[in-house]
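**Student:**
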Amino acid sequence: MQPTHPMPYIPGTGMSEDCLVLNIWTTNTTALKPVMFWIHGGGLAVGSIFQTWFNGSVLATHDVVVVSVNYRLGPFGFLYGDREDAPGNVGFYDQLLGLKWVRENIHTFGGDRDQITIFGESAGSWSVSAHILSPLSKGMFKRAIMESGANMYNKDREVVNKTEAMALGKNIAKQLKCNETEDWIQCLRRPDARDILKYENPIGTYPVFGTEFLPIFARQAFNEKKFNTDIDLIAGINQNEGSAYVYYLVKDPNLMTLADFHKALNALDQFCYHNVNVQKVTESYLKGVNTSDSQSLRTALGAVIGDIMLGCPTYMFAKRFAQTVKESQRVYFYELLYASNYFAKQMNCDVKTMGICHGMDLPFVFGLPLINPNDYTTEDKYYSNVVMKMWVKFATNGHMDTDWPQLLNDEPMGAPKVHGLDPKDLSLVLKDPFHETCDGVWADYFL
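In the UniProt record's numbering, the protein residues as written are 1 to 447.
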């Protein structure tokens, strides 16, 4: 059983043994066009290319071929058994298989196999970073766009190491009454897929390093220049990546207390991100905060979650990439400062109290305001066109306009420059915006 996504709460998707498919949008096949290869998000545990958010029809009208790939998720895609038939990261192998198929066949759909840009959001962005790091993906794509996520966490260890990943797999087998003396991988092939899902990792799904697909950590890969260096890169984040995740760590954020803040931060350290300097982080993120006010505490915790989980990994990955590759490779970074109120409401994001939440880039990248024009404002439609044109320009030649400077355009040690994505100022450049956070509080955590 290979699910289109393992959890049934995302509308428009279901479970199927036939999940390894591609969607392709093309306007004509008369001339070869750049290819944009989409990898969906969902924590490597949920999601599908059949979600209505990922309709590539409008994006394809900008003279590109759009392809989206399904891949195995949760324990079906990332269970690790330290053996050939359970190597871990098989969801990434599925994506790679899709890339290989595209390189061999996309000319039939009017696509140029030598002009492939892989792009993804959230876990899709994790996936893009994995292909940048993987020796198995070398030469499979020319450019990459990472939207909110990267496989770059604590400098000393990954979120789940090989020993822990093996234990998680064996625990699923144990819960399903597999005999300890038998082949536990073989035993896991017998139960119904839905039963396996009941016992998947409660802290989420993560890739395993020290494997064929990901032989070394990102930090080591950058230090030793053992990654795919011959590509151009756009990476970026949303202004308030962690605000929606507060609900996963605090029972009632509207009644949040200082004790709740400390409990949540300790949980992040203990169960996911490891070796966090809790005291340093607490002092930094609560500086000047009214710790008697629930909304202020909620905002502060959202900032912590966003920075450690999505923001700083993406930024640090892009920065180390830019410092390591040749000057001929172009590296750009953005921060999204604008959200569609309609789409935010669909995602349970109150823009007034939560800001620019995780996932708010999606409607602009895929032209959703133009697909469903009655639901979106004139400004949403305008800005979606702007974003699509930027993404397509990059996929076409790797260059952005002069009002979007490269991340490290002055010199490798110069102040980073970040393009602020905001329809009210298309030339907005933020100079060194992460100096106090990613390059300050978190610098010795990641590097």
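Even for Gly, the Cβ is constructed at its ideal location relative to N, Cα and C.
These numbers come from a predicted model, not from an experiment.
Name the DSSP beta bridge partners of residue 36, please?
**Tutor:** Paired residue(s): 66 and 117.
**Student:** Within 10 angstroms of the Cβ of residue 332, are there 16 or more other Cβ atoms? Answer buried if so, exposed if not.
**Tutor:** Under this definition residue 332 is a buried residue.
**Student:** Would you tell me roughly how many angstroms separate the C-alpha atoms of residue 113 and residue 185, rounded to the nearest one?
**Tutor:** Answer to the nearest angstrom: the Cα atoms are 37 Å apart.
**Student:** May I ask you to list the residues that DSSP assigns as paired with residue 86?
**Tutor:** Its beta-bridge partners are 83.
**Student:** If you follow the alpha helix (DSSP H) that residue 417 is in, where does it begin and where does it stop?
**Tutor:** Segment 417–421 is the beta strand (DSSP E) holding residue 417; no alpha helix (DSSP H) there.
**Student:** Chain C beta carbons: is any one of them nearer than 8 Å to that of residue 53?
**Tutor:** No chain C appears in the structure shown, which is made up of a single protein chain.
**Student:** Could you tell me the boundaries of the alpha helix (DSSP H) in which residue 166 lies?
**Tutor:** Residue 166 -> alpha helix (DSSP H) spans 162–175.
**Student:** What is the DSSP secondary structure of residue 112, counted as helix, strand or coil?
**Tutor:** The answer is strand: DSSP assigns residue 112 an E or B state.
**Student:** So the beta strand (DSSP E) residue 144 belongs to, where does it begin and stop?
**Tutor:** Segment 143–147, the beta strand (DSSP E) holding residue 144.
**Student:** For residue 237, which beta-bridge partners are listed by DSSP?
**Tutor:** Paired residue(s): 335.
**Student:** State the DSSP-derived secondary structure class of residue 232, mapped to helix, strand or coil.
**Tutor:** Strand at residue 232.
**Student:** Is residue 416 buried or exposed, if buried means 16 or more other CB atoms sit within 10 Å of its CB?
**Tutor:** When all chains shown are included, residue 416 counts as buried.
**Student:** Ordered along the chain, which non-local residues of its own chain (more than five positions away) have a Cβ less than 6 Å from that of residue 140?
**Tutor:** Same-chain partners within the cutoff: 99.
**Student:** With 16 other CB atoms within 10 Å as the buried threshold, where does residue 238 fall?
**Tutor:** Buried: at least 16 other Cβ atoms inside 10 Å.
**Student:** Could you tell me the alpha carbon to alpha carbon distance between residue 359 and residue 118, rounded to whole angstroms?
**Tutor:** Cα-Cα distance, rounded: 18 Å.
**Student:** Taking just the CA atoms, how far does residue 299 sit from residue 267?
**Tutor:** Near 17 Å, if we compare the C-alpha coordinates of residue 299 and residue 267.
**Student:** Counting only runs that start and end within the stretch 339–410, where is the alpha helix (DSSP H) found for 4 or more residues in a row?
**Tutor:** Those alpha helix (DSSP H) runs which fall completely within the stretch 339–410 and span 4+ residues are 341–346, 351–354, 362–366, 368–371 and 378–397.
**Student:** Just to confirm my understanding: we take residue 290, look at its own chain, exclude 5 residues before and 5 after, and list those with CB closer than 7 Å. What are they?
**Tutor:** The answer, listed in chain order, is 296.
**Student:** With a threshold of 7 Å on Cβ separation, who are the neighbours of residue 227 within its own chain once the five nearest residues in sequence on each side are excluded?
**Tutor:** 132, 133 and 221, listed in sequence order.
**Student:** Count the other CB atoms, across all protein chains shown, that sit within 10 Å of the CB of residue 404; report buried if there are 16 or more and exposed otherwise.
**Tutor:** Residue 404 comes out buried.
**Student:** Using alpha carbons as the reference points, say which of 89, 146, 173 and 204 lies closest to residue 193.
**Tutor:** Of the candidates 89, 146, 173 and 204, the one whose C-alpha sits nearest the C-alpha of residue 193 is 173.
**Student:** Mind checking who residue 49 pairs with in its DSSP beta bridge?
**Tutor:** Bridge partners of residue 49: none, in fact.
**Student:** With 16 as the cutoff for other CB atoms within 10 Å, does residue 72 come out buried or exposed?
**Tutor:** Buried, because 16 or more other Cβ atoms sit within 10 Å of the Cβ of residue 72.
**Student:** Just grab the DSSP bridge partners of residue 514 for me.
**Tutor:** Residue 514 cannot be examined here, being either before or after the span of the chain that is shown, 1 to 447.
**Student:** Excluding the five sequence neighbours on either side, which residues of its own chain have a C-beta within less than 7 Å of the C-beta of residue 27, listed in chain order?
**Tutor:** 60 and 61.
**Student:** Mapping DSSP to helix, strand and coil, what is residue 246?
**Tutor:** DSSP places residue 246 in helix when its eight states are reduced to three.
**Student:** Determine, using beta carbons only, whether residue 275 and residue 154 come nearer to each other than 8 Å.
**Tutor:** Yes. Within cutoff.
**Student:** So residue 294 and residue 348 are in contact, right, with Cβ under 8 Å, and what is the actual spacing, rounded?
**Tutor:** At roughly 18 Å, the Cβ-Cβ gap does not stay under 8 Å, so residue 294 and residue 348 are not in contact.
**Student:** When DSSP labels each residue in this structure, what does residue 258 get in the three-state scheme?
**Tutor:** The answer is helix: DSSP assigns residue 258 an H, G or I state.
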